[in-house]
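Asks: Remember, the numbering used here sits 15 above the position in the sequence shown when you count from 1.
Take this structure, written in structure tokens, and hold onto it; I'll ask about it next.
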Amino acid sequence: MKYTAIEAINKLIENPKLKFRFSYSNNIDGDWSGVIINNNGSIAYEEFNGNKCDDYVTLHNTFLKYIFELIPQPVTFMEAVKAYAEKKTIKCISKYGEREYRYYCTNKGIVDNIGSAMSPEEILHGKWYIED
Numbered sequence: 016m017k018y019t020a021i022e023a024i025n026k027l028i029e030n031p032k033l034k035f036r037f038s039y040s041n042n043i044d045g046d047w048s049g050v051i052i053n054n055n056g057s058i059a060y061e062e063f064n065g066n067k068c069d070d071y072v073t074l075h076n077t078f079l080k081y082i083f084e085l086i087p088q089p090v091t092f093m094e095a096v097k098a099y100a101e102k103k104t105i106k107c108i109s110k111y112g113e114r115e116y117r118y119y120c121t122n123k124g125i126v127d128n129i130g131s132a133m134s135p136e137e138i139l140h141g142k143w144y145i146e147d
């Protein structure tokens, strides 16, 4: 999902743990220009490798035109299951590849969009994400 600068900043204020990457252009196919984070209440830049920069975001006309995308942050399996119970979409990346689980009523438990149940490998070793 894509966000405007104001939408991304509002989400960072609501949840300081989030991170957004941004692009200078409307062509965002792998052309990410940087990352913004909430740094103790101020919106700041961060390098792609996670190092914090000393530069804080200045709201100017060009910045307001950037396109933003939420950087998925991994959560624990239990956090993912709780989000699933709240009818949110969860995603697991494991050695078997990426699978998405969408909430719907079933007597099979948590299943993906083709009806397959999650595997022990995914439960124990997968990286779990909550979709926006």
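Backbone N, C-alpha and C define an ideal beta-carbon position, used for all residues, glycine too.
Everything numeric in this text was worked out from a predicted model, so none of it was measured.
Quick check on N30: buried or exposed, where buried means 16 or more other Cβ atoms within 10 Å of its Cβ?
Replies: Numbered from 1 along the sequence shown, position 15 holds the residue referred to as residue 30. Looking at its Cβ environment, which holds fewer than 16 other Cβ atoms inside 10 Å, N30 is exposed.
Asks: How many angstroms separate the CA atom of T73 from the CA atom of A23?
Replies: One-based indexing of the sequence shown puts residue 73 at position 58. One-based indexing of the sequence shown puts residue 23 at position 8. Distance between the alpha carbons of T73 and A23 is about 14 Å.
Asks: Leaving out the 5 sequence neighbours to the left and right, which residues in its chain are closer than 7 Å to V90 when beta-carbon positions are compared?
Replies: By 1-based counting over the sequence shown, the position of residue 90 is 75. If we look at V90 and ignore the five residues flanking it on each side, its Cβ neighbours are W143, Y144, I145.
Asks: Per DSSP, which residues does V72 bridge with? Please list them.
Replies: Within the sequence shown, numbered from 1, the residue matching residue 72 stands at position 57. In the DSSP output, where bridge partners are listed per residue, V72 has none listed.
Asks: Can you check whether the CB of E136 is closer than 7 Å to the CB of S109?
Replies: Looking up residue 109 in the sequence shown gives position 94. Looking up residue 136 in the sequence shown gives position 121. Closer than 7 Å, so yes.
Asks: For I28, which residues from the same chain have a beta carbon less than 8 Å from its beta carbon, with the 5 sequence-adjacent residues on both sides left out?
Replies: Position 13 of the sequence shown, counted from the first residue, corresponds to residue 28. Excluding positions up to five away in sequence, the list reads N53.
Asks: Could you tell me the boundaries of the beta strand (DSSP E) in which A59 lies?
Replies: Looking up residue 59 in the sequence shown gives position 44. Looking at the DSSP string, the run of the beta strand (DSSP E) that includes A59 is 57-61.
Asks: Measuring straight from C-alpha to C-alpha, what distance separates E62 and A132?
Replies: Along the sequence shown, read from residue 1 onward, the residue named residue 62 stands at position 47. Along the sequence shown, read from residue 1 onward, the residue named residue 132 stands at position 117. Distance between the alpha carbons of E62 and A132: 37 Å.
Asks: In angstroms with no decimal places, state the Cα-to-Cα distance between L33 and E94.
Replies: Here residue 33 is taken as the residue at index 18 of the sequence shown, counted from 1. Here residue 94 is taken as the residue at index 79 of the sequence shown, counted from 1. One C-alpha to the other measures close to 16 Å.
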